[in-house]
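First up is the structure itself, then whatever we jot down about it.
Protein chains: 2
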Amino acid sequence: MTRLAGSSKLLRAINESATLALLLDRGTLTRGDLRELTGLSKPTTSEVMRRLTDAGLAVVVGHTSGGPGPSAEIYAANPAAGHAIAISVREAGRPHLSAVLCDLAGAEVARAEVAAAADPLPAVTGLVDDLSRRAGLAPGSTRLVQLALPGSYDPAAGVIRHIDVPGWDRPGLVADLAARLGATVAADNDVNLAAIAERHHGVAGAVESFALVWFSGGLGLAIDLGGTLLRGARGGAGEIGYVPVGLGRGADRTDLTDLVGGPAVLRLAGTHGIAAATPEAAVAAAVSSADAGPFLDALAERIAYGLAAVAAVLDPPLVVLAGDVGRAGGEALATRVTAALRATTPLDPAIAVTGVPGDPVLRGAQAAANHALRAQIIASSAPR
Amino acid sequence: MTRLAGSSKLLRAINESATLALLLDRGTLTRGDLRELTGLSKPTTSEVMRRLTDAGLAVVVGHTSGGPGPSAEIYAANPAAGHAIAISVREAGRPHLSAVLCDLAGAEVARAEVAAAADPLPAVTGLVDDLSRRAGLAPGSTRLVQLALPGSYDPAAGVIRHIDVPGWDRPGLVADLAARLGATVAADNDVNLAAIAERHHGVAGAVESFALVWFSGGLGLAIDLGGTLLRGARGGAGEIGYVPVGLGRGADRTDLTDLVGGPAVLRLAGTHGIAAATPEAAVAAAVSSADAGPFLDALAERIAYGLAAVAAVLDPPLVVLAGDVGRAGGEALATRVTAALRATTPLDPAIAVTGVPGDPVLRGAQAAANHALRAQIIASSAPR
DNA sequence: CGGAACGTTAGGCAAGTTGGCTAACTATTG
DNA sequence: CAATAGTTAGCCAACTTGCCTAACGTTCCG
Chain A
1 MTRLAGSSKL LRAINESATL ALLLDRGTLT RGDLRELTGL SKPTTSEVMR RLTDAGLAVV
61 VGHTSGGPGP SAEIYAANPA AGHAIAISVR EAGRPHLSAV LCDLAGAEVA RAEVAAAADP
121 LPAVTGLVDD LSRRAGLAPG STRLVQLALP GSYDPAAGVI RHIDVPGWDR PGLVADLAAR
181 LGATVAADND VNLAAIAERH HGVAGAVESF ALVWFSGGLG LAIDLGGTLL RGARGGAGEI
241 GYVPVGLGRG ADRTDLTDLV GGPAVLRLAG THGIAAATPE AAVAAAVSSA DAGPFLDALA
301 ERIAYGLAAV AAVLDPPLVV LAGDVGRAGG EALATRVTAA LRATTPLDPA IAVTGVPGDP
361 VLRGAQAAAN HALRAQIIAS SAPR
Chain B
1 MTRLAGSSKL LRAINESATL ALLLDRGTLT RGDLRELTGL SKPTTSEVMR RLTDAGLAVV
61 VGHTSGGPGP SAEIYAANPA AGHAIAISVR EAGRPHLSAV LCDLAGAEVA RAEVAAAADP
121 LPAVTGLVDD LSRRAGLAPG STRLVQLALP GSYDPAAGVI RHIDVPGWDR PGLVADLAAR
181 LGATVAADND VNLAAIAERH HGVAGAVESF ALVWFSGGLG LAIDLGGTLL RGARGGAGEI
241 GYVPVGLGRG ADRTDLTDLV GGPAVLRLAG THGIAAATPE AAVAAAVSSA DAGPFLDALA
301 ERIAYGLAAV AAVLDPPLVV LAGDVGRAGG EALATRVTAA LRATTPLDPA IAVTGVPGDP
361 VLRGAQAAAN HALRAQIIAS SAPR
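Heads up: the protein sequence lines correspond to chains A and B, in order.
Mapping to our numbering: the first sequence position 177 is 177, numbers consecutive.
Mapping to our numbering: the second sequence position 348 is 348, numbers consecutive.
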């Protein structure tokens, strides 16, 4: 609980934050709208807007017309009041960075892709400077950088774990980046950010909670509980590759990675006479061919096994199949998984295919960056 | 986000709530302490305390002495400002209710146990009236009733699911109770409430999050994430009895209940030559005997299998073994489970035995009731 | 059909209310 | 006597109510 107490300054700060938050949420509002939404009086609303525009946080974007009376000014949060950069990091032979610079309104201002050098520090700072210059921003005016990582970030220890990209596992890297950039640097798992994209741009817009299963070379799970992501003790929640299958021990031991990890999917495709270079290609081939039902059925059964364990622990109303393999499987795979799950357990979450177009990880990072930037701007409008 | 805006009245409400919350949290405080904690000035602190005492929410409980200057008044939240009742419901041949009435400070005022009639409505109202009368409270002065149920409550549908106690599955029962009692009625799963007890009185006081596994006749899991419990889409989170074991289908299918449910534990004990009437008796016998290692090892291995699935999804820093069987197993079982888990998975949550004495469900319900009552009182001190 | 009157709405200004702060003062106790 | 608890008085900041002006669309009469 926020234990706040204070005097008139606090009141002013509260009212300004509330007004700015409304502008950010709803886009454009007139003074009259704000008056109704905040419950404040006309003079106060005017004063608050005067302060917000003076501070460069709000701008007049138009005038009403058509009705009786004078035209009212339409306000919006100033899109240029802050900028954030989302960076997706992945390993593709060498470190590869995709980045988007967007403004406070969430609009994309600049975009870049680089095959980076080994040392992350100059790679990221160079990318940030490049984007800022191309967007015509003063260097250092980016207030927030969101990293999407193929690993898990432990903020308590300040270290990125389980990451295969060289140089990125150095302790203190995130803090060093923040110091060098003069910006807040947030870091999160790529699958978690894909889940954020799913909530903003995909099929999970309306649900209270959902779980997103990421099938690709690796295997991952993101758990969204009412809009906040579950991260676990050391950022390790959702490592469902370790879910055990059967009671085997030692060499006999089997886990979910052995069942539906990338190599396992390729092997399964092979036993059904489907040869492909990647698991997603194998699944795509199966979906488009006429007689590949048995392969998909077998794969769905394995996926359903993993989902049964997840559903028994979390009981999510919706499970989204994502990642290259999940997307390639499409509705054909989703309906088979649903059937397999219903046949084996009494739990019945809805199963859907990801609805995010393009690069879900970068889109999710962009959404997360924008969200954090808004929170930062709202908080900064209320000093102390 | 609470989007609040307002005038001086809001300020006063904020300051009063903050002060009352501090009193509830810290027990006893002088005006000077409050001044320091809230940052308010001397006259304002006096005014706030005058209002709180006038409203009967705070009382003077003593005076400082020893230092120079006049003695300062020591304030506390008025324990009699509100009362709550915790009721644990279970099936024992016939419906059985255990109840505790406690005041705002959390102190027990009265206690009752009844083997109740079939209809829950008169049983509960009778119990509440009886406790109130014995505590010398005016009828209807109890503002909050917390129910602990061997089932899951779906607040959206207003129905208690998966409950074996006759009469308690009637739709609308909780709302009817609230109307008849003129009080807020909260309902929660008994294992969830045992987890709350574990946080307040047991071994989970300091951790950020933990999972509590309940071994008894049935099998349950409570997930505490930073003090809030995960409940799932339809209150079904933690139904780990459904976690599948191996890829069998149909009659061949095995789940965790078949492995570590009460009957399964009894059977396992039997194969190791231990005969007992209940699973907890079997485990207790094994722990106290010298040569029952093999049984405990086998049981620990099965438990570790279930925990591996839970840990892969949630990555909790701590797992507490609770319920009759978990408590009977004690440290002997916990160390074996730890070893078995380390041997099979790379995940390494700490494993501990429940540290809650007495009836953990009722204690947890009492803690939950007290917490909700405090929130209610704080909220009611800030009108609108 | 054109223009003036009317009603409606945006926004500003002035006076009044509320709540909290500072500073000075009184009272109390080791 | 020195230090501290608590009160009183006056001030300030922020919000509200009520009223005013100006702008705009509509309507109605000449």
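All residues carry an ideal CB built from backbone N, CA and C; glycine is no exception.
{"Asked": "Taking all protein chains shown into account, decide if A117/B is buried (16 or more other Cβ within 10 angstroms of its Cβ) or exposed.", "Found": "exposed"}
{"Asked": "For the alpha helix (DSSP H) containing Y305/A, name the first residue and the last one.", "Found": "293–314"}
{"Asked": "Just the Cα atoms here: how many angstroms apart are D119/B and D169/B?", "Found": "11 Å"}
{"Asked": "Report the option in G106/B, R51/B, R363/B whose CA atom is closest to the CA atom of L24/B.", "Found": "G106/B"}
{"Asked": "Can you tell me the Cβ-Cβ gap for V128/A and L181/A, rounded? I've got them flagged as a contact below 8 Å.", "Found": "6 Å"}
{"Asked": "Could you tell me whether any non-hydrogen atom of the ligand SAM is closer than 7 Å to the CB of E301/B?", "Found": "Among the components modelled here there is no ligand, and therefore nothing to report on the ligand SAM."}
{"Asked": "Could you say which of V185/A, V245/A, L212/A lies nearest to A350/A if we only look at CA atoms?", "Found": "L212/A"}
{"Asked": "Cβ of R143/A within 8 Å of Cβ of S152/A?", "Found": "no"}
{"Asked": "Between P346/B and chain A, is the shortest Cβ-Cβ distance under 8 Å, so that the two count as touching?", "Found": "yes"}
{"Asked": "In whole angstroms, what is the alpha-carbon distance linking P171/B and V191/B?", "Found": "22 Å"}
{"Asked": "I'd like the list of long-range same chain contacts for I87/B, defined as Cβ closer than 6 Å, with 5 residues on each side in sequence excluded.", "Found": "L97, A99, L147"}
{"Asked": "Pull out every residue of the segment 303–318 of chain B whose Cβ sits closer than 7 Å to any Cβ of chain A, in chain order.", "Found": "Y305, A308, A309, V310, A312, V313, L314, D315, P316, P317"}
{"Asked": "Below 9 Å on C-beta distance, what does E385/B contact in chain A?", "Found": "Chain B is shown only over 1 to 384; residue 385/B falls outside these bounds and no answer can be derived."}
{"Asked": "When you compare the CB positions of V59/B and E16/B, do they come within less than 8 Å of one another, or not?", "Found": "no"}
{"Asked": "Grab me the residues of V207/B's own chain with a C-beta within less than 7 Å of its C-beta, minus the 5 sequence neighbours each way, in chain order.", "Found": "P317, L318"}
{"Asked": "According to a CB-to-CB cut-off of less than 7 Å, which residues of the segment 34–57 of chain A neighbour chain B?", "Found": "T38, G39, L40"}
{"Asked": "I'd like the span of the beta strand (DSSP E) that includes D103/A, first residue to last.", "Found": "94–103"}
{"Asked": "So with Cβ pairs under 8 Å, would you call P383/B a contact of chain A?", "Found": "Its pLDDT being 49, under 50, P383/B is placed unreliably in this model, and the value from its coordinates should be taken loosely. So no, P383/B is outside the interface."}
{"Asked": "Give me, in chain order, the residues of the same chain whose beta-carbon lies closer than 8 Å to that of T28/B; leave out the 5 immediate sequence neighbours on both sides.", "Found": "V61, G62, I74, Y75, A76"}
{"Asked": "Under 8 Å Cβ-Cβ, which residues of chain A neighbour V245/B?", "Found": "G246, L247"}
{"Asked": "Give a yes or no on whether the minimum CB-CB distance between L219/B and chain A is below 8 Å.", "Found": "no"}
{"Asked": "What would DSSP say about P244/A, mapped onto helix, strand or coil?", "Found": "strand"}
{"Asked": "Please go through the segment 181–252 of chain A and give each complete beta strand (DSSP E) segment of 3 or more residues, from N-terminal end onward.", "Found": "184–189, 209–215, 219–225"}
{"Asked": "Answer with yes or no whether the minimum CB distance from G69/B to chain A is below 8 Å.", "Found": "no"}
{"Asked": "Based on Cα-Cα distance, which residue from S65/B, G262/B, V174/B lies nearest to W149/B?", "Found": "Strictly speaking, residue 149/B in this sequence is Leu, with Trp absent from that position. Of the listed residues, the one whose Cα sits closest to L149/B is V174/B."}
{"Asked": "If I measure Cβ to Cβ from A379/A and keep anything under 8 Å in the same chain, skipping five residues before and after, which residues do I get?", "Found": "S17"}
{"Asked": "Check whether chain A comes within 8 Å of A80/B, counting only Cβ atoms and requiring the distance to be less than that.", "Found": "no"}
{"Asked": "Between which two residues does the alpha helix (DSSP H) carrying H371/A extend?", "Found": "360–380"}
{"Asked": "Under 7 Å between beta-carbons, which chain B residues line up against L14/A? List them in chain order, please.", "Found": "According to the sequence shown, residue 14/A is Ile rather than Leu. Chain B residues near I14/A: L4, A5."}
{"Asked": "Determine which residues of the segment 98–131 of chain A have a Cβ less than 9 Å from any Cβ of chain B, and write them out in chain order.", "Found": "none"}
{"Asked": "Who are the near neighbours of T345/B in its chain, counting only those whose CB is closer than 6 Å to its CB and skipping five residues on each side?", "Found": "A308"}
{"Asked": "I think A290/A touches V313/B, with their Cβ atoms under 8 Å apart; what is that distance to the nearest whole Å?", "Found": "No, A290/A and V313/B are not in contact; Cβ-Cβ is about 37 Å, not under 8 Å."}
{"Asked": "Is the beta carbon of L101/A closer than 8 Å to that of G82/A?", "Found": "no"}
{"Asked": "Going along the chain, which residues of its own chain have a beta-carbon closer than 6 Å to the beta-carbon of M1/B, five neighbours each way excluded?", "Found": "The predicted model places M1/B with a pLDDT of 48, which falls under 50 and marks its position as unreliable, so this point remains unresolved."}
{"Asked": "Give the C-beta separation of G329/A and L321/A to the nearest angstrom, bearing in mind that I take them to be a contact with Cβ-Cβ under 8 Å.", "Found": "6 Å"}
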